[in-house]
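S.K.: If you scroll down you'll find the structure; I have some questions about it.
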Amino acid sequence: MEDGWREGLLAASDRGTQASLKPDALRGATQSGCSGTEVTQGKGAWPGRGGARARRSLRSCPAPTLSPSSRQSSGSPTRVCGRAWTLPRTLGHSDPAMASLPPLLCFCVAAVHLVGARGTSPIEEPTETMWGLEGSSLRPGLPSPVLEDWEEASEWTSWFNVDHPGGDGDFESLAAIRFYYGPARVCQQPLALEARTTDWALPSTVGERVHLNPTRGFWCLNREQPRGRRCSNYHVRFRCPLEAAWGVWGPWGPCSRSCGPGRRLRRRHCPSPNGDTCPGRPLEAQKCVRPRCPGCSLSVCSCPSHILLGSVVTPSGRPLPGARVYLRDWLGVVTTSDAHGTFRMPRVCASSRTNVSAQMDGFSAGVAQAQANSSTSAVVTIVLDKLEKPYLVKQPESRVREAGQNVTFCCKASGNPMPKKYSWFHNGTLLERREHRYGAHLELRGLRPDQAGTYHCKAWNDAGSVHSGSARLIVLAPGQPACDPQPREHLIKLPDDCSQPGTGPAYLDVGLCPDTLCPSPAGSSPRCGDPGSRCCSVRRLESREIHCSSYVLPIKVVAECGCQKCLPPRGLVRGRVVAADSGEPLRFAQILLGSKPIGFTSYQGDFTIEVPPSTQRLVVTFVEPSGNFMDTVRVLPFDPRGAGVYHEVKAMRKKDPVILDASQTNMLPLGELEEEPPLGELVFPPGAFRRANGEPYSGAVEARVTFVDPRDLTSAAAAPSDLRFVDGDGDLAPLRTYGMFAVDLRAAGSIEQLQAGPLAVRVAAGQIRMAGHVEALKLWSLNPDTGLWEEESGFQREESAAPRVRREERVFLVGNVEIRERRLFNLDVPERRRCFVKVRAYANEKFAPSEQVEGVVITLVNLEPSPGYSANPRAWGRFDSAVTGPNGACLPAFCDADQPDAYTALVTATLGGEELEPAPSRPRPLPATVGVAQPYLDKLGYRRTDHDDPALKRNGFRINLAKPRPGDSTEVNGPVYPWRNLRECQEAPVTASHFRFARMEVDKYEYNVVPFREGAPASWTGDLLAWWPNPQEFRACFLKVKVQGPQEYMVRSHNVGGSHPRTQGQLYGLRDVRSVRDPQRPGTSAACVEFKCSGMLFDQRQVDRTLVTIMPQGSCRRVAVNGLLRDYLARHPPLAPADDPATFAMLAPLDPLGHNYGVYTVTDQSPRLAKEIAIGRCFDGSSDGFSREMKADSGTAVTFQCREPAAGRPSLFQRLLESPETALGDIRREMSQVAQAQARGEGPLRTRRGRAWQ
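Counting in full-length UniProt numbering, the final residue of the sequence shown is number 1254, and the numbers go up one at a time with none missing.
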């Protein structure tokens, strides 16, 4: 019976009709109206390794009657097995054989329940087989159904492939996907699952039986396939809800009382992919009754011979001496803990189970219940957590609403104790708590225009307070459009041969829609997030043609903008972790996001992090497993609009261990620079070491003290965190460092970690040369969860009178610290003289406003004041990084209004692995080039790094940080802005003064028929001719072309539709790139040329194998093709048409081939990161390496040989003027040679190069 319905369904599928079944439809297939027959399922359902037998009821239904009108109406519902099914208008009409599909579907749906029965709990989604229904076709230029046609607020994930079909079959389990890709990539409760082969075919198309379960994954068993067949290689994706939904309730906890009435609790989790809160409570309480309690109270009775023994410790087990201990029914302090953290309370009844609490300065209060350990004694352990200032884990987000709608702003802080007090501010004014009844959430109902503006929250606990960032609320009048239908100007550069001679490059306005929010239909929802978020995006495209020198170039321009559903932006950070001293990768280092482990680095040290929603500071810690490197804590800047950013993180190696005698006084220096005295020293008194449980340690100690010395300018790249702390007002404020150190103490010969304290930190006052900093210097420790520095102690002046230092009178500043955990310490001074510096990045040295580059990481290192000012000029004080957006970047820096050169800065810029170059300054900086007007430019002292020595790298510039003077018209428009003028800096027009960087890869050109700004993912438009067909997953493909010739050559990639009937012969885009010389091989260069990857187009219905033509621009001919690539193309027809010997053409492969084929493919959620990584691998000629030095002989796909005309030989025009007959004879001879080459089968030669670009 099972074979019968399967064969019938496969036969129907082969005729071109497929059905898409959802999990809710499967559940409905067993409703009333069908007769039942029991079928027993055997072994092998999941995952091919046996299991318990399960029984399911298979129901059959009478065939429903389809009226003519229902057959011909598009999308009309039809009742099948008690469910309403939407069938296409062609079902049962164009193909009579399909009229019997509804009863067949009933059989199919019910029988599918058999597939995943084994080991599935009743609340799990049923295992199913999916068959795709072909719906109505989509018109080019309209938004993708992935964004518009969802029946519920959900989205598809990217595709995953963790297994290959060897052994028993192909297994894509959800658990394995979460392990390899990280738990954040797939939601906790997927709604549906889709599987396709790596050739993008459905299982029904290839005739294979597969098993799908949204909560467990996908599996295909070789033994279940038809004879002679094995499972294909599949990749899968999941459909996840955008709205937050509660998980299942957990088990009930224990009763809160051991006697008398009490209560018990159970919890549920809110697995929100966007960080939204779920409606309702996470806790549920239930009464519970225990036996009656004995009638003895401490206030009225006691037990003379009984005793209570207790201890007060930290969560790590460290004892806390001096803690104040209280009893529940006694007033005042009962006792205090001794030097070992223990205490004794006589006369406390052992069976009383009384509550004992403890308090200590700097720690939150703790309470615990005493437990009897004998008939006359009881014990209790009270754990005290250290007080932590609050830090924000959820920030309020900007919203757009119409007047009369509602809006909810959300704020959430963490700390110890957990913050419970929140305040909300509108345009800086405190809102009345009683009027608005707010807490962590602020809900405004019936919005009025005067309520527009900025909102921020402030959270408190016993340790301090913290401010959130500002969220902007825009309130539109009724009928006021949030999105201007008229697109803004957006110029793209056309190919060089499309411009008029002598007029320079030509530009075309293709239009763009601003990245602005629109009012959400869920405007009245009390939820934190906007599940149906809408933004201003492309509503309609228009096709146009551009007439170039010898061909016509198609283009699609934005004709109309409108509010559309849009995906929430997802920040993405990729990078590589390497050793600061050697550059070796940190392999398999654990990655912590705050305190949460999220994965490991790869063998090459690579990592990928998806930024959680509403994150403002991304704090990441890399823990190297061997213990030879310091824990690397970084605050990584990212693009909140969703564009990816690449970082190279440098880890500092620990110093070699020093053996200490625990019974003696030990001193270790802080700073070991040559020709420089130490900044200070760390003093270990006798008996300072102890084990983790508080016991004294008296053996030998291996001590590693690693010092980050700011007097070494190269150490700034490896310094941790971003040197910020939360001040008394709850604002993030900067610190100026005089050095950081990490202490690693272990028992000699073992891995046991030791603690120590109190220790003395002695700092030479002579090294603190800035006025006022000696008195302001403090000792700080880094909180790795927040990336913020927390104050440990101050310093006091101490005159050194020891005999060993009487020869040099030295003054020390002494502070105290305890080494309790793996924390980094810092010698810092808070600094209030602050400014912002405006920097922009451009595509080339022409600095055209329309060619700004987004996603560039700008880094500013504050240097110590110049020698003319009383400070050390050879040290850095702090550093900051920012990512350029559409309006550049603003970087915080220290500055001074009285002395222009009191503070200086070194500014650099990187994009992926590429270093950008600033504007030149030799022989003197020009205002039009640097971007800063006079006389402010001379005051800032702009100097590029090669100003004094042209042989140096040109990767940065130095400036004086002169604070602009109020009222001076020459200094109010940047590039340096006062600290309070951050908004003016961020919103400054491109005509205002700013510093500039430019990419040096100027010989590079990209043209897309459907324009797309790679730095703004929201600009993606669904169209069959889109270069990137999937806005959630970007796949970059590159071909390595080797060129043998005396110079560098431009190489063009021409990409048209190859196999898709809707795009065949139509242009997707062009890519031009200049080859790069191999420094090891004279006369040889290579180019990494991008081409459009083959695969599904944006409608996700049919694959297209792109027809790619590679053409060097010169007198070149193809001399070699990679053998593996040639064999692959021959085994995967159709072959490309007979091609020109001066070009290379192929139908691009569907498979992600590697360096052995000369093809480099990288898939990422950011198009820019995917391209940067693929280019780095292409330069290196490997599938997992990265290089910016071209290796022309490694991993090439095709080789061309190019030649130049002999020196002194006249041009064809000169030859025609001097000797027409001779010149014409040469032309005839060359044409004859070409004809002979064609006769030998080398293929026709295209004489019109321009036609090959069409």
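No residue lacks a Cβ here, since even glycine has one placed at the ideal position from N, Cα and C. The model shown is predicted, which means the values in this text are computed figures rather than measured ones.
Only counting runs of 4 or more residues, tell me where the alpha helix (DSSP H) segments fall wholly within the segment 963 to 1020, in order along the chain.
M.R.: 982 to 986
S.K.: Is residue 571 closer than 8 Å to residue 640 when the C-beta atoms are compared?
M.R.: A contact, by the Cβ cut-off of 8 Å.
S.K.: Can you check whether the CB of residue 1145 is closer than 8 Å to the CB of residue 1107?
M.R.: The answer is yes: Cβ separation under 8 Å.
S.K.: Hey, would you say residue 282 sits closer than 8 Å to residue 270, going by beta carbons?
M.R.: Their beta carbons are under 8 Å apart, which means residue 282 touches residue 270 by this criterion.
S.K.: Less than 8 Å between the C-beta atoms of residue 1178 and residue 1038, yes or no?
M.R.: The criterion of a C-beta distance shorter than 8 Å is satisfied by residue 1178 and residue 1038.
S.K.: According to the neighbour-count rule (16 or more other Cβ atoms, all chains shown, within 10 Å of its Cβ), is residue 539 buried or exposed?
M.R.: buried
S.K.: Among 969, 968, 906, which residue has its Cα nearest to the Cα of residue 946?
M.R.: If you compare the alpha carbons of 969, 968, 906 with that of residue 946, the shortest gap goes to 906.
S.K.: Identify whether residue 342 lies in helix, strand or coil by the three-state DSSP scheme.
M.R.: strand
S.K.: Helix or strand or just coil, what does DSSP make of residue 322?
M.R.: coil
S.K.: What are the boundary residues of the beta strand (DSSP E) that residue 778 is part of?
M.R.: 778 to 783
S.K.: Using 8 Å as the cut-off, can you tell me whether the segment 1043 to 1057 makes contact with the segment 1105 to 1124, which would need three or more C-beta pairs spanning the two stretches below that distance?
M.R.: Counting C-beta pairs closer than 8 Å gives three or more between the segment 1043 to 1057 and the segment 1105 to 1124, which meets the contact rule.
S.K.: Can you list, in chain order, the stretches of the beta strand (DSSP E) that have 3 or more residues and sit fully within the segment 1168 to 1206?
M.R.: Correct list: 1198 to 1202.
S.K.: Is residue 666 helix, strand or coil by DSSP?
M.R.: strand
S.K.: Tell me where the alpha helix (DSSP H) around residue 1128 begins and ends.
M.R.: 1123 to 1131
S.K.: Quick one: what does DSSP say residue 236 is sitting in, helix, strand or coil?
M.R.: strand
S.K.: Ordered along the chain, which non-local residues of its own chain (more than five positions away) have a Cβ less than 8 Å from that of residue 717?
M.R.: 580, 650
S.K.: What is the DSSP secondary structure of residue 451, counted as helix, strand or coil?
M.R.: helix
S.K.: Quick one: what's residue 1118 bridged to in DSSP?
M.R.: Answer is 1200.
S.K.: Strictly by DSSP, which residues pair up with residue 546?
M.R.: 553
S.K.: Starting from the C-beta of residue 681, find all residues in its chain whose C-beta is less than 7 Å away, skip the five residues before and the five after it, and write them out in chain order.
M.R.: 667, 668, 669, 670, 762
S.K.: How many whole angstroms separate the CB atoms of residue 236 and residue 159, which I take to be in contact at a CB cut-off of 8 Å?
M.R.: Confirmed, Cβ separation roughly 7 Å.
S.K.: Quick one: residues in its chain with C-beta nearer than 8 Å to the C-beta of residue 333, no 5 flanking neighbours on either side, listed in chain order?
M.R.: 324, 325, 326
S.K.: By a C-beta neighbour count over all protein chains shown, 10 Å radius and 16 as the cutoff for buried, is residue 967 buried or exposed?
M.R.: exposed
S.K.: Can you find the residues in the same chain that come closer than 7 Å, C-beta to C-beta, to residue 366, ignoring five residues on each side of it along the sequence?
M.R.: 357, 358, 382, 383, 384
S.K.: On the three-state DSSP scale, how would you describe residue 819?
M.R.: strand
S.K.: Count the other CB atoms, across all protein chains shown, that sit within 10 Å of the CB of residue 311; report buried if there are 16 or more and exposed otherwise.
M.R.: With 16 or more other Cβ atoms inside 10 Å of its own Cβ, residue 311 counts as buried.
S.K.: I'd like the list of long-range same chain contacts for residue 1044, defined as Cβ closer than 8 Å, with 5 residues on each side in sequence excluded.
M.R.: 1083, 1084, 1119, 1199, 1200, 1201, 1202
S.K.: What is the DSSP secondary structure of residue 592, counted as helix, strand or coil?
M.R.: strand
S.K.: Could you tell me the alpha carbon to alpha carbon distance between residue 544 and residue 888, rounded to whole angstroms?
M.R.: 32 Å
S.K.: List the endpoints of the continuous alpha helix (DSSP H) containing residue 708.
M.R.: That residue, residue 708, is in no alpha helix (DSSP H); its beta strand (DSSP E) goes 700 to 708.
S.K.: Output the boundary residues of the alpha helix (DSSP H) element that contains residue 176.
M.R.: 174 to 181 is the span of the alpha helix (DSSP H), which, as asked, contains residue 176.
S.K.: Would residue 742 be called buried (16 or more neighbouring beta carbons within 10 Å of its own) or exposed?
M.R.: buried
S.K.: Determine the DSSP secondary structure at residue 264, reduced to helix, strand or coil.
M.R.: strand
S.K.: Over what stretch of residues does the beta strand (DSSP E) that includes residue 1136 continue unbroken?
M.R.: Where residue 1136 is concerned, there is no enclosing beta strand (DSSP E), given that its DSSP letter is neither H nor E.
S.K.: Just to confirm before moving on: does the CB-CB distance between residue 446 and residue 473 stay below 8 Å?
M.R.: no
S.K.: Three-state secondary structure (DSSP) at residue 203?
M.R.: helix
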